[in-house]
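Have a look at the structure below before the remarks.
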Amino acid sequence: MPPASAIVEFRGVAKKFGDGPPVLADITLTARPGELISFVGPSGCGKSTLLRLIAGLTGVSDGVLTVDGRTPEQAAAELAFVFQEPTLLPWLNVARNVEVPQTLRGVPAAERAVSRARALALVGLAGREAAWPRQLSGGQKMRVSLARALTLAPKILLLDEPFGALDELTRGRLQEELLAIRAQQGWTAFFVTHSVAEAVLLSDRVFVMAASPGRLRAEIAVPLAYPRTAETRLARDYQDLVVEVSRRLRVAETAATAA
Amino acid sequence: MVALLAGALLVALWTAAHYGLSDDRRYLLPTPLAVLEALGANAPVLARATCNTLEGALLGFGLALAFGGLAALVLSLSPLVRAGLSPYLMLLQLTPVPVLAPLFVLWAGPGLRSVALITFLVCFFPLVVNTTQGLVSTDRQLVELFRMCRASRWQEIWRLRVPAALPYFFTGLRIAAILAPIGAVIGDYSAGSSAGDGGGLGFQALIYSSQAKYPALFAVVAITGALGFLFSGGVLLLSRLALGHWHESYARRDV
Ligand SMILES: Nc1ncnc2c1ncn2[C@@H]1O[C@H](COP(=O)(O)OP(=O)(O)OP(=O)(O)O)[C@@H](O)[C@H]1O
Ligand SMILES: [Mg+2]
């Protein structure tokens, strides 16, 4: 039995696709409710696969994975996924895009409109309901995608390099917005990123991964105080942590190439 | 505007070519004026023939639209279905119309029904191939989004795969629209009949060529071309209405 304080628990999880080589091996980790956990690691080390396991989009090959006390498939209703690309439906306007998950679940229109308005306000896009995806900038599309995930009031949010394709300025602003939304909503989140600075700013814990097969190589706690804002980036202890995680990442990468 | 100028130039060149030919060979290339005259002189006959051809083309095109869409949906359901059926689809497309025409006449009788069947056959393939391609190339992440939202197979098809396939569908439709009048004329040529409705443009072309009425033959060519423009113009309008607001290829540059 997982401890009551665990919302997601990996116990010795391994994953391989068909007869291929193992993609993930020996993953053990426990996430507490409300935590934000980041994964950084070399490309192809299995970060996306890790999130897809939690989402129940693919099954574990070995070990046990519990999500909200159940199997990932059973817990699917508690989850929302934000992909690297905004993945909006180009034939629907912003309002209808944000409503997609609820439409699919048969939520009545009036109720949908309420959660849509709330979600769009959270990401700062109130008033853009009638716009078409092609009329939006990359950052705005990503906000729509985030709003869409938030309409489900998820217990667990999975974010796979959501800001990876954005310019530095937009990226920074969205990081701060994400922190502010999290402070209001308190979901648990798993965040994949290539940016160490982003991982440290957003997370309670950062896991550094190594490749082939993907393993959790190091765990770094981030004891920075909340609320974290743009100011946090200037703090000495924040910068020390960024250096620390970068160092661990380099070690994990050289260990992988040496092997 | 540019197209109009080019057209005027073409007519001038054409007329010049006519007078460039020796007297006894001028019949090979009647002047545009002679063609216009033939058009006027044969107006009642040509109008009726055009109506008949149009009817056959529209009917065949409509059938292809309905069954093509349906077939694409079925084909998109599984790779197994596709692997099993594609060779036969190819076979249908590869069999020349003149070979099939007598069969259709045998089954459906000469005239409108055979013409429509042949048009259907010609339009069916590009529609099915393009639409199926569209239905199976839906963005993988969008599919996963739907899976995560617990969308039913039905919802995935109607709310995701079908709208995502629309641009492909319209590409197929544009090809089919160009082929429809051609198919109807060829169909009429090989399976037309003067019985009852008096035949269509293809049948009329047969008559004129046997009577050596070459200007009238050219008039038939012109009408067929105009029908092609009409069809593809109609489809273009339709696709603009359906995709204009969201698809990149229709996005206005200035907004
Ligand atoms: N559906 C699949 N079938 C087979 N192999 C797969 C599949 N999905 C992922 N893999 C393999 O698993 C490994 C990890 O892939 P994954 O996408 O999880 O990496 P990642 O850490 O997210 O990489 P990146 O940082 O580039 O996004 C890769 O070697 C990939 O080839
Ligand atoms: Mg990835």
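Residue numbers (this note's numbering), protein chains in the order written: chain A, 1 to 259; chain B, 1001 to 1255. Note that CB positions come from ideal geometry on N, CA and C, so glycine has one too.
Bridge-paired residues (DSSP) for residue i
i               : result
V40 of chain A  : A:V208
G214 of chain A : A:L24
P156 of chain A : Note on identity: in this sequence residue 156 of chain A is Ile, with Pro being the wrong assignment. A:L79, A:T188, per the DSSP bridge assignment.
K15 of chain A  : A:L24
V8 of chain A   : A:A31, A:V67
E219 of chain A : A:F207
Supposed contact pair residue j and residue i - C-beta distance, whole angstroms, cut 8 Å
i                : j                : result
V260 of chain A  : L249 of chain A  : Because chain A spans 1 through 259 in this model, residue 260 of chain A falls outside it and cannot be assessed.
L136 of chain A  : V144 of chain A  : 7 Å
E168 of chain A  : Q84 of chain A   : Not confirmed; about 17 Å, so no contact.
T1119 of chain B : A1180 of chain B : 6 Å
A261 of chain A  : R1150 of chain B : This structure gives no information on residue 261 of chain A, because the portion of chain A shown stretches from 1 to 259.
I1223 of chain B : L1046 of chain B : 7 Å
V200 of chain A  : V242 of chain A  : 5 Å
F1124 of chain B : A1064 of chain B : 5 Å
W187 of chain A  : K155 of chain A  : 6 Å
L1237 of chain B : A1049 of chain B : Not quite, the Cβ-Cβ distance comes to about 26 Å (not below 8 Å), so this is no contact.
T232 of chain A  : Y238 of chain A  : 5 Å
V1105 of chain B : A1205 of chain B : That belief does not hold up - the Cβ atoms of V1105 of chain B and A1205 of chain B are roughly 18 Å apart, past 8 Å.
L1054 of chain B : L1227 of chain B : 7 Å
I54 of chain A   : V8 of chain A    : 6 Å
R152 of chain A  : A80 of chain A   : Reading off the sequence shown, one finds Leu at residue 152 of chain A, where the question assumed Arg. 5 Å between Cβ atoms; contact.
A1108 of chain B : L1121 of chain B : At roughly 12 Å, the Cβ-Cβ gap does not stay under 8 Å, so A1108 of chain B and L1121 of chain B are not in contact.
I1157 of chain B : P1126 of chain B : With 8 Å as the limit, I1157 of chain B and P1126 of chain B do not qualify as a contact, their Cβ atoms being about 22 Å apart.
L122 of chain A  : I181 of chain A  : 5 Å
L272 of chain A  : M142 of chain A  : Since the first residue of chain A shown is 1 and the last is 259, residue 272 of chain A is not available in this structure.
L1073 of chain B : L1033 of chain B : Not confirmed; about 51 Å, so no contact.
A189 of chain A  : L36 of chain A   : 4 Å
N1042 of chain B : G1198 of chain B : Actually they do not touch by this definition, with Cβ atoms about 12 Å apart.
Inset, instruction - Kindly confirm or deny that the segment 1183–1190 of chain B and the segment 1057–1073 of chain B touch, where touching means at least three C-beta pairs closer than 8 Å. - result: Three or more beta-carbon pairs drawn from the segment 1183–1190 of chain B and the segment 1057–1073 of chain B are found closer than 8 Å, and the two stretches are therefore classed as touching.
Legend entry - 3-residue-minimum beta strand (DSSP E) runs that sit fully inside the segment 29–111 of chain A, ordered along the chain: Whole beta strand (DSSP E) segments, 3+ residues: 36–40, 62–67, 79–82.
Inset, instruction - Count the C-beta pairs between the segment 201–215 of chain A and the segment 15–30 of chain A that are closer than 8 Å, then say yes if the count reaches three, no if not. - result: Yes, the segment 201–215 of chain A touches the segment 15–30 of chain A.
Inset, instruction - Indicate whether the contact test is met: 3 or more Cβ pairs, each with one atom in the segment 1138–1146 of chain B and one in the segment 1087–1095 of chain B, closer than 8 Å. - result: Segments in contact, no.
Inset, instruction - Answer yes if the segment 100–116 of chain A comes into contact with the segment 61–69 of chain A, meaning at least three C-beta pairs across the two stretches below 8 Å, and no otherwise. - result: At 8 Å Cβ cutoff, the stretches do not touch.
Legend entry - 4 or more residues per run - each alpha helix (DSSP H) lying fully within the segment 1194–1226 of chain B: The segment 1194–1226 of chain B contains these whole alpha helix (DSSP H) runs: 1201–1210.
Legend entry - Under 7 Å (Cβ pairs) to chain A, residues found in the segment 1154–1171 of chain B: Answer set for the segment 1154–1171 of chain B: Q1155, P1163.
Inset, instruction - Examine the Cβ distances between the segment 1204–1213 of chain B and the segment 1164–1171 of chain B and report whether three or more of them are shorter than 8 Å. - result: No, the segment 1204–1213 of chain B is not in contact with the segment 1164–1171 of chain B.
Inset, instruction - Tell me, please, whether the segment 222–229 of chain A touches the segment 193–209 of chain A by the rule of three or more beta-carbon pairs shorter than 8 Å. - result: Yes, since at least three Cβ pairs between the segment 222–229 of chain A and the segment 193–209 of chain A fall closer than 8 Å, the two stretches touch.
Inset, instruction - Mind checking the segment 94–114 of chain A against chain B and listing, in chain order, the residues whose C-beta falls within less than 9 Å of any C-beta there? - result: Flagged, chain order: V100, P101, Q102, T103, L104, R105.
Legend entry - Validate contact between the segment 1089–1104 of chain B and the segment 1029–1041 of chain B using beta carbons, cut 8 Å, 3 pairs: Contact annotation: the segment 1089–1104 of chain B does not touch the segment 1029–1041 of chain B, with fewer than three C-beta pairs closer than 8 Å.
Legend entry - Cβ pair count under 8 Å reaching 3, the segment 50–61 of chain A against the segment 12–23 of chain A: Contact between the segment 50–61 of chain A and the segment 12–23 of chain A is present, with at least three C-beta pairs closer than 8 Å.
Inset, instruction - Residues of the segment 1225–1239 of chain B with a CB closer than 8 Å to any CB of chain A: list them in chain order, please. - result: Correct list: empty, as no residue qualifies.
Inset, instruction - Scan the segment 36–64 of chain A for residues whose Cβ lies nearer than 7 Å to a Cβ of chain B and list them as they occur along the chain. - result: Listed by position, the residues of the segment 36–64 of chain A near chain B (Cβ gap below 7 Å) are A55, L57.
Inset, instruction - State whether the segment 1123–1135 of chain B contacts the segment 1215–1234 of chain B, with contact taken as three or more CB pairs (one from each stretch) at a distance under 8 Å. - result: No, the segment 1123–1135 of chain B is not in contact with the segment 1215–1234 of chain B.
Legend entry - Uninterrupted alpha helix (DSSP H) stretches inside the segment 1148–1195 of chain B (no shorter than 4 residues): Listed in chain order, the complete alpha helix (DSSP H) runs (minimum 4 residues) inside the segment 1148–1195 of chain B are 1162–1191.
Inset, instruction - Scan the segment 69–83 of chain A for residues whose Cβ lies nearer than 8 Å to a Cβ of chain B and list them as they occur along the chain. - result: Residues passing the 8 Å Cβ filter: A76, A77, L79, A80, F81, F83.
Legend entry - Selection of the segment 1120–1154 of chain B by Cβ proximity to chain A, strictly under 8 Å: Listed by position along the chain: D1139, Q1141, L1142, E1144, L1145, F1146, R1147, M1148, C1149, R1150, A1151.
Inset, instruction - Name, going along the chain, the residues of the segment 152–168 of chain A whose beta-carbon falls closer than 7 Å to a beta-carbon of chain B. - result: Listed in sequence order: no entries.
Legend entry - Near-chain B residues of the segment 191–223 of chain A (beta-carbon distance less than 8 Å), N- to C-terminal order: Of all residues in the segment 191–223 of chain A, none is placed with a Cβ closer than 8 Å to any Cβ belonging to chain B.
Legend entry - In chain order, each alpha helix (DSSP H) run of at least 4 residues that lies wholly inside the segment 1018–1097 of chain B: Those alpha helix (DSSP H) runs which fall completely within the segment 1018–1097 of chain B and span 4+ residues are 1032–1041, 1043–1077, 1079–1094.
Inset, instruction - Would you list, in sequence order, the uninterrupted alpha helix (DSSP H) runs of no fewer than 4 residues that lie entirely inside the segment 1110–1151 of chain B? - result: Counting whole runs of 4 or more residues, the segment 1110–1151 of chain B contains the alpha helix (DSSP H) stretches 1112–1136, 1140–1148.
Inset, instruction - Can you give me, in chain order, the residues of the segment 169–183 of chain A that have a beta carbon less than 8 Å from any beta carbon in chain B? - result: Per Cβ criterion, the list is empty.
Legend entry - Near-chain B residues of the segment 128–147 of chain A - C-beta to any C-beta below 8 Å: Across the segment 128–147 of chain A, CB contacts with chain B closer than 8 Å involve W132, P133, R134, Q135, in sequence order along the chain.
Legend entry - Interfacial residues, the segment 1106–1120 of chain B to chain A, with Cβ spacing under 9 Å: Cβ contacts with chain A: none found.
Legend entry - Contact set between the segment 1007–1031 of chain B and chain A, restricted to residues whose Cβ is under 7 Å from the partner: Near chain A, meaning a CB-to-CB distance below 7 Å, no residue of the segment 1007–1031 of chain B qualifies.
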